[in-house]
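Before any comments, here is the structure.
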Amino acid sequence: MNKQELKRLIDDRHRAGKKVALSFCSHVPEEVLEAAGLCHFRLPYMEGMEDSASRILINNVCPLVKNVCDICEDPALSEADLILAETSCDGKKKMYELLTNQDRLYFYQVGQGADRDYVRPLIKSEVRYLIRELEKRFGIAVTDADLREAAKRVNEERESVLELMAVQRAFPPAAYGMEIYQALEESRTLPELKDRTSANRRAREAFLARKSPVSPDARRILLTGCPMSGVYEKIIHGVEANGGVVVAIENCEVMKTAVRHFDTEQENLMEAFADCYQNTACAIMSPNLRRFALLRQLAAEYEAEGVLEVTLQTCHPYTVERDRIQQLCKNELQIPYMAVETDMTDSDTGQLTTRIAAFIEML
Amino acid sequence: MANELPQNFEEFAEARREGFLLMKELKDKGRQVCGTFCQYTPAEIIHAAGLKQVGLCGRSHLPIKTAETRLPANLCPLIKASFGHVMEDSCPFAYFSDLVVGETTCDGKKKMYELMAEYKPMQVIHLPNVPDYDRSLEMWVSEVRKFKEGLEAHFHIRITDEMLNESIRWNNKLRTQQAHLYELGKYDPPAITGVDMNNVTDGFQFMFDDEEKYRKITRIIEECEKNWQEGIYPVEPDPIRPRLIVSGGGYAATNEKTINVIEELGASIVCYEGCCGISSLRRKVDEDESRDPIVRIAEKYLEVPCAVVSPNKRRMEQVADTIDEWKADGYVSITLHSCNPFAVETENLRRVCAGKGIPLLHIQTDFTPGDEGQIRTRIEAFLEMIREKKREAISHE
Ligand code: SF4
Ligand code: SF4
Numbered sequence: 072m073n074k075q076e077l078k079r080l081i082d083d084r085h086r087a088g089k090k091v092a093l094s095f096c097s098h099v100p101e102e103v104l105e106a107a108g109l110c111h112f113r114l115p116y117m118e119g120m121e122d123s124a125s126r127i128l129i130n131n132v133c134p135l136v137k138n139v140c141d142i143c144e145d146p147a148l149s150e151a152d153l154i155l156a157e158t159s160c161d162g163k164k165k166m167y168e169l170l171t172n173q174d175r176l177y178f179y180q181v182g183q184g185a186d187r188d189y190v191r192p193l194i195k196s197e198v199r200y201l202i203r204e205l206e207k208r209f210g211i212a213v214t215d216a217d218l219r220e221a222a223k224r225v226n227e228e229r230e231s232v233l234e235l236m237a238v239q240r241a242f243p244p245a246a247y248g249m250e251i252y253q254a255l256e257e258s259r260t261l262p263e264l265k266d267r268t269s270a271n272r273r274a275r276e277a278f279l280a281r282k283s284p285v286s287p288d289a290r291r292i293l294l295t296g297c298p299m300s301g302v303y304e305k306i307i308h309g310v311e312a313n314g315g316v317v318v319a320i321e322n323c324e325v326m327k328t329a330v331r332h333f334d335t336e337q338e339n340l341m342e343a344f345a346d347c348y349q350n351t352a353c354a355i356m357s358p359n360l361r362r363f364a365l366l367r368q369l370a371a372e373y374e375a376e377g378v379l380e381v382t383l384q385t386c387h388p389y390t391v392e393r394d395r396i397q398q399l400c401k402n403e404l405q406i407p408y409m410a411v412e413t414d415m416t417d418s419d420t421g422q423l424t425t426r427i428a429a430f431i432e433m434l
Numbered sequence: 010m011a012n013e014l015p016q017n018f019e020e021f022a023e024a025r026r027e028g029f030l031l032m033k034e035l036k037d038k039g040r041q042v043c044g045t046f047c048q049y050t051p052a053e054i055i056h057a058a059g060l061k062q063v064g065l066c067g068r069s070h071l072p073i074k075t076a077e078t079r080l081p082a083n084l085c086p087l088i089k090a091s092f093g094h095v096m097e098d099s100c101p102f103a104y105f106s107d108l109v110v111g112e113t114t115c116d117g118k119k120k121m122y123e124l125m126a127e128y129k130p131m132q133v134i135h136l137p138n139v140p141d142y143d144r145s146l147e148m149w150v151s152e153v154r155k156f157k158e159g160l161e162a163h164f165h166i167r168i169t170d171e172m173l174n175e176s177i178r179w180n181n182k183l184r185t186q187q188a189h190l191y192e193l194g195k196y197d198p199p200a201i202t203g204v205d206m207n208n209v210t211d212g213f214q215f216m217f218d219d220e221e222k223y224r225k226i227t228r229i230i231e232e233c234e235k236n237w238q239e240g241i242y243p244v245e246p247d248p249i250r251p252r253l254i255v256s257g258g259g260y261a262a263t264n265e266k267t268i269n270v271i272e273e274l275g276a277s278i279v280c281y282e283g284c285c286g287i288s289s290l291r292r293k294v295d296e297d298e299s300r301d302p303i304v305r306i307a308e309k310y311l312e313v314p315c316a317v318v319s320p321n322k323r324r325m326e327q328v329a330d331t332i333d334e335w336k337a338d339g340y341v342s343i344t345l346h347s348c349n350p351f352a353v354e355t356e357n358l359r360r361v362c363a364g365k366g367i368p369l370l371h372i373q374t375d376f377t378p379g380d381e382g383q384i385r386t387r388i389e390a391f392l393e394m395i396r397e398k399k400r401e402a403i404s405h406e
């Protein structure tokens, strides 16, 4: 998605009488935004933004954080009604504090772990505060019934992502990782959840209906690492042009988010929120046991032959966690592992491709 | 006129090195030691438990190479040095620590602690991200309580409310004293140099006899004040001498190329601002013993104005107040390479300073030599600009 498209979507939603919320992280409870009747986008890396980051931020900060800064400052997107400023990584949360329009922000608090006593009560109370805030800001009421209905739609969308990814379990996988990635990129820019769900389902059916283009010899690669929207292209291409195929993408934009399920039958909705969001395998969590569990699960289900970890040089949570992920792959999963570091530019494509090719060769 | 300094300054400046020996003596006598990294560590609880507390923040570039075998290169040198020391067993304080206490402050540190736990017994306290009473006090109380229980379990002791109450009173007294030390900078010329002020506040972390330490600092404060009243100043009175506030994160190891140079070039650092800045020191733990001491301790620490919380409005207020009260002409923010919280937040400090009509200098550095010349040049230019402003202001009077 580029900014003109997003601007058009925002204007369009406004004409339909809807408010638009932007968020940038899986910790933000989508069920609440959906139940409040907002059109909500969790934005990927956006091209073509006006540069504000170089004026506001230090240089050595994550390119995703810079991009979020640009998005929030860009005059073309000034009509978005709400920005969810989640306190996930240092760079992002401190950047939010510097944005010009603070009134449009809401700081949503993310805990620092998944397994401490305080975590569930914190998720519950933060969800309640968020609901109250939306009710106040937009003069609406969010009922339990609204939340349940919304959660069903969110669940369906998550399941559609899981099912789409699951076509890769086959031998050979039903599609190139690149095709899956592109299908997801497209569906996430649709304004309504149900449309995103149907688009994912259609893509899945199309993949299943044809003969797989993937060679049976292609090495099965599990991708993991930083949220990477913006760098997937060159990475996946590096894998798939060199005798590999991406079978699963653990990253935030794909599996991390989609594996979470919200129990809409649960009597106490707040407990359901805690169950769902406690299960976010994010490196902000210390320790991030869920990610280890998720990688174990994906490596088995997708019969991965290699794990490729991609990190951004400036991302401290993921680059520090790398050591333990490497241990996991080496000592426990006994799957070959390689880590590469990259950025948003294309300047390292050649060198990355060489390394990825060598890794796949070795498998 | 400038004159000789109170005798004790040397002692504080040397305290860290001397501390190694003192610590060994303490250990030989069977005392137990808690290594810490951060102002968020509730000192009251460690003190109540009868443990000695010592700061473990790395200050040397030497262990960084070792650390980089497990940590990424693009990470704050303080984190790498601290971790490298533990890997190598090259820091006596870390070596002697029976328990290491960390907090989930910045991303790099909190993730590093997961690795450090492979080498040392550790307890990590989780901090709230939003420093708001309504939204975060409950979780924070739960973490502070867990920490107290963790100490009890680790050291097989019981920490009673009486012990906590006594420790609260003592630590409040120390805070009052430290605030008093900062107040010496309000005089014009200041009654203490910024370098000495820092030597004292940094050095006393490595002195382990509480009563004696308290007495020594009291003596320093009294002497400085007396000298000033008698017209004996640490620097010559000079109407255009820049009065600066310094703050930042983890820069103790860079003093020689930063704060020392600032004063050598003729400015005065009149106060330090940051997590142990003045409003933080003035904010005491409530001494109302009818209330749960853990809650009272948690309340105080929730207000630590550190760059790791968002939105950090308390710090912006502290900066504004410090500029006014200390009549500062300029502000220097020293941050380490790859430190997001303090470096990103510096932009907000710049805005507060701009609102007060004073300039801000942001120095980004690390523990390796090589950038001294460039830093010195920038400081020189910054000071000259302030002097020019002051000259002009005087000529308009
Ligand atoms: S990795 Fe964690 S902090 Fe980053 S976007 Fe995903 S959930 Fe948010
Ligand atoms: S200086 Fe910054 S990055 Fe380093 S430990 Fe402190 S807060 Fe973390």
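Same order as they appear, the protein sequences are chains P and Y.
Numbers in the numbering used here are just positions in the first sequence, counted from 1, shifted up by 71.
Numbers in the numbering used here are just positions in the second sequence, counted from 1, shifted up by 9.
Heads up, the beta-carbon is just placed ideally off N, CA and C, and yes, glycines get one too.
Note that the structure is a prediction, hence the values are computed from the model and not measured.
When you compare only the Cα positions, how much space is there between Y/LYS336 and Y/MET206?
Rounded to the nearest angstrom, the gap between the Cα atoms of Y/LYS336 and Y/MET206 is 17 Å.
Can you say whether Y/ASP218 is buried or exposed, counting buried as having 16 or more other CB atoms within 10 angstroms of its CB?
Exposed: under 16 other Cβ atoms inside 10 Å.
Complete runs of the beta strand (DSSP E) confined to the segment 22-77 of chain Y [at least 3 residues]:
Entirely contained in the segment 22-77 of chain Y, the beta strand (DSSP E) runs reaching 3 residues are, in chain order, 42-45 and 61-64.
Counting only beta-carbon separations shorter than 8 Å, does P/TYR200 have a partner in chain Y?
Yes, contact with chain Y.
Partners in chain P for Y/ASP37, counting only beta-carbon separations shorter than 9 Å:
Chain P residues near Y/ASP37: none, gap ~35 Å exceeds 9 Å.
Report whether the distance from the Cβ of Y/CYS85 to the nearest heavy atom of ligand 4 is below 7 Å.
By its list of ligands, the structure shown excludes ligand 4, since it contains just ligand 1 and ligand 2.
Determine the burial state of Y/ASN208: buried for a count of at least 16 other Cβ atoms within 10 Å of its Cβ, exposed for fewer.
Flag for Y/ASN208 reads buried.
Taking the alpha-carbon of Y/GLU239 as reference, which of Y/ASP98, Y/ALA200, Y/VAL153 and Y/ILE332 has the nearest alpha-carbon?
Nearest C-alpha to Y/GLU239 among Y/ASP98, Y/ALA200, Y/VAL153 and Y/ILE332: Y/ALA200.
Proximal residues of chain P, C-beta to C-beta of Y/LYS119 below 7 Å
Here the neighbours are GLN183 and SER357.
May I have the straight-line CA-CA distance separating Y/SER288 from Y/LEU311, to the nearest angstrom?
Taking the straight line from one Cα to the other gives about 13 Å.
Taking P/LEU193 as the query, report the chain Y residues whose CB atoms sit under 7 Å from its CB, ordered along the chain.
Residues of chain Y with a Cβ closer than 7 Å to the Cβ of P/LEU193 are, in chain order, MET148.
Nearest to P/GLY301 by CA position, among P/THR214, P/GLU204 and P/THR420, is which residue?
That would be P/THR420, whose Cα lies nearest to the Cα of P/GLY301.
Mapping DSSP to helix, strand and coil, what is Y/VAL318?
Of the three classes helix, strand and coil, the one that applies to Y/VAL318 here is coil, per DSSP.
Close-in-space but distant-in-sequence residues of the same chain around P/VAL198 (CB under 7 Å, 5 per side omitted):
Only PRO100, VAL103, MET341 and PHE344 meet the Cβ criterion.
Could you give the residue range of the alpha helix (DSSP H) that holds Y/ARG144?
Here the alpha helix (DSSP H) through Y/ARG144 covers 142-164.
Using 8 Å as the limit for Cβ to Cβ distance, is P/THR416 near chain Y?
No, no contact with chain Y.
In the structure shown, what three-state DSSP assignment does P/PHE344 receive?
Note: P/PHE344 maps to helix in three-state DSSP.
Measuring alpha carbon to alpha carbon, tell me which residue in Y/ARG25, Y/GLY93, Y/ASP295 and Y/THR169 is nearest Y/GLY64.
Comparing alpha-carbon positions, the option among Y/ARG25, Y/GLY93, Y/ASP295 and Y/THR169 lying closest to Y/GLY64 turns out to be Y/ARG25.
For the segment 294-310 of chain P and the segment 381-397 of chain P, state whether three or more C-beta atom pairs, one from each stretch, are separated by less than 8 Å.
Taking 8 Å as the limit for Cβ pairs, the verdict is that the segment 381-397 of chain P does touch the segment 294-310 of chain P.
P/CYS386: beta carbon under 7 Å from a heavy atom of ligand 2?
Not one heavy atom of ligand 2 is found less than 7 Å from the C-beta of P/CYS386.
Where DSSP assigns a beta bridge to P/ASN73, which residues make up the other side?
In DSSP, P/ASN73 forms a bridge with P/GLU118.
Check whether the Cβ atoms of Y/ILE226 and Y/PHE213 lie closer than 8 Å to each other.
Taking 8 Å as the Cβ cut-off, Y/ILE226 and Y/PHE213 qualify as a contacting pair.
For Y/GLU265 and Y/ILE177, which I take to be in contact (beta-carbon distance under 8 Å), what is that distance rounded to the nearest angstrom?
A Cβ-Cβ separation of about 36 Å leaves Y/GLU265 out of contact with Y/ILE177 under the 8 Å criterion.
For Y/PRO314, verify whether its CB is less than 7 Å away from any heavy atom of ligand 2.
Y/PRO314: no, Cβ never under 7 Å from ligand 2.
Taking 7 Å as the line, does the beta carbon of Y/LEU65 fall inside it for any heavy atom of ligand 2?
Checking every heavy atom of ligand 2 against the Cβ of Y/LEU65, none is found closer than 7 Å.
Kindly say whether Y/LEU136, judged by its beta-carbon, lies nearer than 8 Å to any beta-carbon of chain P.
For Y/LEU136, at least one C-beta of chain P is nearer than 8 Å to its own C-beta.
For ligand 2, any of its heavy atoms closer than 7 Å to the Cβ of Y/GLY117?
In this structure, Y/GLY117 has its beta carbon less than 7 Å from a heavy atom of ligand 2.
Would P/ASP394 and Y/LEU124 qualify as a contact pair, given that the criterion is a beta-carbon distance under 8 Å?
Their beta carbons are under 8 Å apart, which means P/ASP394 touches Y/LEU124 by this criterion.
Are Y/ARG291 and Y/ALA188 touching if we call contact CB-CB under 8 Å?
Yes, they are a contact pair.
Could you tell me which residues DSSP pairs with Y/THR374 in its beta bridges?
Under DSSP, the beta-bridge partners assigned to Y/THR374 are Y/LEU345.
Within chain C, partners of Y/LEU124 - CB distance below 8 Å
Absent from the structure is chain C; the protein chains it does hold are P and Y.
At least one CB of chain Y closer than 8 Å to the CB of P/VAL132: is that the case?
Answer yes: the Cβ-Cβ gap between P/VAL132 and chain Y drops below 8 Å somewhere.
I think Y/ILE254 touches Y/VAL294, with their Cβ atoms under 8 Å apart; what is that distance to the nearest whole Å?
Not quite, the Cβ-Cβ distance comes to about 25 Å (not below 8 Å), so this is no contact.
Enumerate in chain order the residues of its own chain whose CB-to-CB distance from Y/ARG144 is below 6 Å, with the five nearest sequence positions on each side excluded.
Excluding the 5 residues flanking it on each side, Y/ARG144 has no same chain C-beta neighbour closer than 6 Å.
Does the distance between the C-beta of Y/CYS479 and the nearest non-hydrogen atom of ligand 2 fall short of 7 Å?
Any property of residue 479 of chain Y remains undetermined from this structure, which presents chain Y solely from 10 to 406.
For P/GLU374 and P/ARG240, I'd like the C-alpha separation in whole angstroms.
Straight-line Cα distance between these residues: approximately 7 Å.
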